[in-house]
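Input: a single structure, listed below in structure tokens.
2 protein chains.
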Amino acid sequence: MGAVVGRKRGFDRDEVLDQITRAFWRDGYQATSVAGLTEATGVNPPSLYAAFGDKRALFTGAVDRYQATYGRFASRALDEEPTARQAVERMLTEAAVEYTTPGRPRGCLVLSAPELHELRDQAMRAVEAKIRHDVDTGALPAGTDAHRLAVFVAATARGMSSLARDGATRAELCDVARTALSAWPAPVP
Amino acid sequence: MGAVVGRKRGFDRDEVLDQITRAFWRDGYQATSVAGLTEATGVNPPSLYAAFGDKRALFTGAVDRYQATYGRFASRALDEEPTARQAVERMLTEAAVEYTTPGRPRGCLVLSAPELHELRDQAMRAVEAKIRHDVDTGALPAGTDAHRLAVFVAATARGMSSLARDGATRAELCDVARTALSAWPAPVP
DNA sequence: CCCAATCTGTAACGTCCACTACAGAACGGG
DNA sequence: CCCGTTCTGTAGTGGACGTTACAGATTGGG
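Chains as they are written, first to last, in our numbering: chain E, 51 to 239; chain D, 51 to 239.
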């Protein structure tokens, strides 16, 4: 079990994966070159390929890491908040913060990369399930269209990510979240 | 005036520019190769370069054409509708249709291409000016934050374009527009 | 202290890219 | 009918890309 012998890796795998994640996050899959990654990380191509695989594998590794760290806030809000309303409110207001945090790329990696359509659908379905649960249990009016509301939340998050990438301020994104939430149906009394 | 002599061009310049527009619209600037454009149009590279210039010029020509045709609906709504509310309502509902019209790429070219940040800002400022006018003339409540509302409209349009690219239906986009409009401030009576 | 195993840097591989040199074909004016 | 002019197709240019062959460096086990 474990490597029996051999020269030790000359770089911190997690640290390098983080730099790779930020590169893909900032520039997207296509615009990020392996040569650029070696320059950003100081790790030469053979070592990158040995540690992570080809460019596609580098990207999926970066996406996995993104979801486990920077993008974790969304599923956390859905898991930890009791109602859909509270979960979406927290998700969107935290998104305003996450999408404009200095020292990292702006916006959301998953919402920006065209090739991650599947992950976006998953996220939207999770929001829809949270809403549907509240409709079923009577916390939201019986007539509420859970799918429609989830699509609207998805649109808001995507719009916020796009605006963040174009340089929108944190306050502007908070206002977008607040305005969007004003379209939320009144809770059952 | 006019060319004095010489062989005539073997293709319809506008028709070819339209195919080029659709290619950039569908795949973006980077993912569109000149080789792909020659295949899509049947026009060889030297003729393309003679007629339009280099790849960057091809792209800006395509964007210009897009704004003059497919994307015209937005500025038309702002120009032709009397109130900001009516203009935005028409803009978003027509966007739902335009973004999902069969036989052409989905979503908006300007909202999808990262390099067109400037054009997006222009569009948002136009919406903001329309709203500010209604606030100044009393058609909207005096406390209305025109900028904040314009950013929200921009977020909605971007969200709709992104959803359209991921395959959202026309009905879903109409619902997003309707829900977003429910956040519009009540008009002054 | 040697050895098999693993990682490292150098330097290249073939492929695709945007772009163009060149020669010939099609045109209208004289 | 020739001529200058403009367009066209072929066939390349140099460069960037993702990926890897290879030889040397470094490790721990025996």
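Ideal placement from N, C-alpha and C gives every residue a C-beta, glycine not left out.
Using a Cβ cut-off of 9 Å, pull out every chain E residue sitting near residue i, in sequence order please.
i: GLN80 (chain D); result: GLY78, GLN80, ALA81
i: ARG135 (chain D); result: Near ARG135 (chain D) there are no residues of chain E at all, since even the closest Cβ is about 15 Å away, more than 9 Å.
Given that residue i touches chain D, what residues does it touch there, using C-beta distances under 7 Å?
i: SER232 (chain E); result: ALA233
i: ARG115 (chain E); result: The contacting residues do not exist; ARG115 (chain E) stays about 22 Å from chain D at best.
i: ARG126 (chain E); result: Within 7 Å Cβ-Cβ: nothing; ARG126 (chain E) doesn't reach chain D, min ~22 Å.
Starting from the C-beta of residue i, find all residues in its chain whose C-beta is less than 7 Å away, skip the five residues before and the five after it, and write them out in chain order.
i: LEU161 (chain E); result: ARG170, ALA207, ARG208, SER211
i: GLY78 (chain E); result: SER162, ALA163
i: GLN69 (chain D); result: ALA90, THR91
i: PRO191 (chain E); result: PRO235, VAL238
i: GLU144 (chain D); result: PHE123, ALA127
i: GLU165 (chain D); result: TYR79
i: GLY111 (chain E); result: LEU67, PHE102
i: ARG57 (chain E); result: none
i: GLU131 (chain E); result: ALA137, ARG140
Less than 7 Å separating the Cβ of residue i from some heavy atom of the ligand PLP?
i: PHE123 (chain D); result: As presented, the structure is devoid of all ligands, the ligand PLP included, so that no description of it is given.
Is the beta carbon of residue i sitting closer than 8 Å to the one on residue j?
i: TYR149 (chain E); j: ARG156 (chain E); result: yes
i: ARG220 (chain D); j: VAL138 (chain D); result: no
i: VAL113 (chain E); j: LEU98 (chain E); result: no
i: VAL55 (chain D); j: ALA218 (chain E); result: no
i: ALA124 (chain E); j: ALA163 (chain E); result: no
i: LEU213 (chain E); j: GLU222 (chain E); result: yes
i: GLU168 (chain E); j: ALA196 (chain E); result: no
i: LEU128 (chain D); j: ALA204 (chain D); result: no
i: GLN264 (chain E); j: GLN80 (chain D); result: Here chain E covers residues 51 to 239 and nothing more, so residue 264 (chain E) does not appear.
i: ARG198 (chain D); j: ASP225 (chain E); result: yes
Note down, in chain order, every chain D residue with its Cβ under 9 Å from the Cβ of residue i.
i: MET210 (chain E); result: ALA205, ARG208, GLY209
i: ARG59 (chain E); result: Here the premise fails: no neighbours, minimum Cβ distance about 33 Å.
i: ARG154 (chain E); result: Within 9 Å Cβ-Cβ: nothing; ARG154 (chain E) doesn't reach chain D, min ~17 Å.
i: ARG182 (chain E); result: Neighbours of ARG182 (chain E) on chain D: none; closest Cβ ~16 Å, over 9 Å.
i: ARG122 (chain E); result: None at all; the shortest Cβ gap to chain D is about 22 Å.
Only counting the same chain, and skipping five residues up and downstream in sequence, which positions put a Cβ closer than 8 Å to that of residue i?
i: MET51 (chain E); result: Low confidence applies to MET51 (chain E): its pLDDT is 48, below 50, so where it sits in the model is not reliable, and the reading given next is rough at best. Correct list: empty, nothing qualifies.
i: ARG63 (chain E); result: ALA101
i: ARG59 (chain E); result: SER97, ALA101
i: GLU65 (chain D); result: none
i: ARG154 (chain E); result: ARG72, TRP75, TYR120
i: ASP104 (chain D); result: none
If residue i sits next to residue j, beta carbons under 8 Å apart, how far is it from one beta carbon to the other, in whole angstroms?
i: THR229 (chain E); j: ALA233 (chain D); result: 5 Å
i: ARG126 (chain E); j: LEU67 (chain E); result: Contact doesn't hold; Cβ gap of about 21 Å is too wide.
i: GLY188 (chain E); j: VAL238 (chain E); result: 6 Å
i: LEU87 (chain E); j: ALA73 (chain E); result: 6 Å
Give the interface partners of residue i over in chain E, defined as CB-CB distance under 8 Å, in chain order.
i: ASP216 (chain D); result: HIS167, ARG170, ASP171
i: PHE202 (chain D); result: ASP225, VAL226, THR229, ALA230
i: LEU213 (chain D); result: VAL201, ALA204, ALA205, ARG208
i: ARG63 (chain D); result: The premise fails here: ARG63 (chain D) is roughly 29 Å from chain E at the closest Cβ pair, so nothing lies under 8 Å.
i: ARG72 (chain D); result: By Cβ distance, chain E contributes nothing, its closest Cβ being about 16 Å from ARG72 (chain D), past 8 Å.
Whose C-beta lies closer than 6 Å to the C-beta of residue i among residues of the same chain, with five residues either side of it excluded?
i: ALA246 (chain E); result: The question about residue 246 (chain E) has no answer, for chain E in this structure spans 51 to 239.
i: LEU142 (chain D); result: ALA227
i: LEU159 (chain E); result: TRP75, TYR116
i: THR82 (chain D); result: ALA73, PHE74
i: ASN94 (chain D); result: THR88
i: PHE61 (chain E); result: VAL93
Find the residues of chain E that neighbour residue i, judging by a C-beta separation of less than 7 Å, and give them in chain order.
i: GLU222 (chain D); result: VAL201
i: ARG106 (chain D); result: Correct list: empty, because the minimum Cβ distance to chain E is about 15 Å.
Note down, in chain order, every chain D residue with its Cβ under 8 Å from the Cβ of residue i.
i: ARG175 (chain E); result: Within 8 Å Cβ-Cβ: nothing; ARG175 (chain E) doesn't reach chain D, min ~13 Å.
i: ARG140 (chain E); result: Per Cβ cutoff of 8 Å: no residues; ARG140 (chain E) is ~18 Å from chain D at best.
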